[in-house]
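Quick note: the sequence shown uses the working numbering, first residue 117, plus one each step.
In what follows, a single structure is set out as structure tokens and then discussed.
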Amino acid sequence: MLDFDICDAARLRKDPDFDGLFFTAVKTTRIYCRPICPAKTCLRKNMSYYPSASACEDAGYRPCLRCRPESAPFSPAWNGTKTTVSRALKLIENGALDQQLSMDAFAAKLGVGPRHLTRLFQKHLGTTPSRMAKTVRVQRAKRLLDETGLPMTEIAFKSGFKSLRRFNTVFKETYKRPPSTIRRKTP
Ligand SMILES: [Zn+2]
Numbered sequence: 117m118l119d120f121d122i123c124d125a126a127r128l129r130k131d132p133d134f135d136g137l138f139f140t141a142v143k144t145t146r147i148y149c150r151p152i153c154p155a156k157t158c159l160r161k162n163m164s165y166y167p168s169a170s171a172c173e174d175a176g177y178r179p180c181l182r183c184r185p186e187s188a189p190f191s192p193a194w195n196g197t198k199t200t201v202s203r204a205l206k207l208i209e210n211g212a213l214d215q216q217l218s219m220d221a222f223a224a225k226l227g228v229g230p231r232h233l234t235r236l237f238q239k240h241l242g243t244t245p246s247r248m249a250k251t252v253r254v255q256r257a258k259r260l261l262d263e264t265g266l267p268m269t270e271i272a273f274k275s276g277f278k279s280l281r282r283f284n285t286v287f288k289e290t291y292k293r294p295p296s297t298i299r300r301k302t303p
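Structural data, given as structure tokens:
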């Protein structure tokens, strides 16, 4: 789906128009970024491009702490045309998959079958709805860690995790470090 040359040129320009449309992943560091990342640019041969943060994480990359992929605009280029996927993302953002909702029920809400929904996600976002929901939960938590002084338990529940333990596990999987070490010093 993504054109390597277009992505690579946008990354080298740090083009804000592409922010949120794709993510840049560096094979050598195993970190993924927004195209606008201020970190020094890497060699073309070390780059991979993915259509979503979730797809980067599925591929084993962790989010950059400088450009903060969790604050990239959540509006894929095909927004408006691929309405099923857009509506699904909106529901996921609003926590639909943080509840006990089955994939069948989730797909039914969108008026499609679960297999079709999975295919659409794979095609446009390079991931599955449940992995996307997981990324969205971690991203909510990361924003709360950066922006609030809330206790960890509250961050876990507000982000949609069912327990503090689950939050710690998933966060550590994603960032390769525990949430307590991420917390910024509140000014
Ligand atoms: Zn970055």
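C-beta atoms are modelled at their ideal positions from N, C-alpha and C, and glycine is treated no differently.
Keep in mind the model is a prediction, meaning the values are calculated, not measured.
Three-state class that DSSP yields for residue i in the structure shown
i, result
"Tyr165", "strand"
"Arg190", "For clarity, residue 190 is Phe in the given sequence; the question names Arg instead. Coil, per DSSP."
"Arg178", "strand"
"Val228", "coil"
"Thr297", "helix"
"Asp135", "strand"
"Thr200", "helix"
"Thr144", "coil"
"Gln238", "helix"
"Phe277", "coil"
"Ala170", "Checking the displayed sequence, the identity of residue 170 turns out to be Ser instead of Ala. It is helical."
"Leu205", "helix"
"Asp119", "coil"
"Leu266", "coil"
"Leu233", "helix"
Contact check, residue i vs residue j, beta carbons under 8 Å
i, j, result
"Ile298", "Ala249", "no"
"Pro230", "Met268", "no"
"Tyr166", "Ala155", "no"
"Asp214", "Gly265", "no"
"Leu241", "Ala141", "no"
"Lys130", "Glu186", "no"
"Met219", "Ser202", "no"
Residue nearest to residue i in terms of C-alpha spacing, selected from the options
i, options, result
"Ala188", "Ser218, Gly176, Cys153", "Cys153"
"Asp135", "Thr145, Pro245, Val142, Cys123", "Cys123"
"Arg160", "Pro179, Phe120, Arg184, Pro132", "Phe120"
"Val228", "Asp214, Gln216, Ala175, Ala204", "Ala204"
"Cys183", "Ala224, Arg150, Arg253", "Arg150"
"Arg256", "Pro245, His240, Lys274, Arg247", "Lys274"
"Lys143", "Ser246, Cys158, Asp133, Leu137", "Cys158"
"Glu289", "Leu260, Thr251, Lys156, Thr243", "Thr251"
"Met163", "Cys180, Thr200, Thr145, Pro179", "Thr145"
"Gln216", "Lys278, Leu181, Lys239", "Lys278"
"His232", "Leu261, Asp262, Thr200", "Thr200"
"Leu280", "Arg253, Pro179, Ala125", "Arg253"
"Arg178", "Tyr148, Ser168, Thr244, Leu226", "Tyr148"
"Phe138", "Ala223, Ser168, Ala272", "Ser168"
Element boundaries [beta strand (DSSP E), containing residue i]
i, result
"Thr157", "Where Thr157 is concerned, there is no enclosing beta strand (DSSP E), given that its DSSP letter is neither H nor E."
"Ile147", "147-149"
Run of the alpha helix (DSSP H) containing residue i, from where it starts to where it stops
i, result
"Val252", "245-263"
"Arg184", "First-last for Arg184: undefined, no H or E at that position."
"Asn284", "280-291"
| Which residues count as close to ligand 1 when the rule is a CB under 6 Å from any of its heavy atoms, in chain order? | Cys149, Cys153, Ala155, Cys180, Arg182, Cys183
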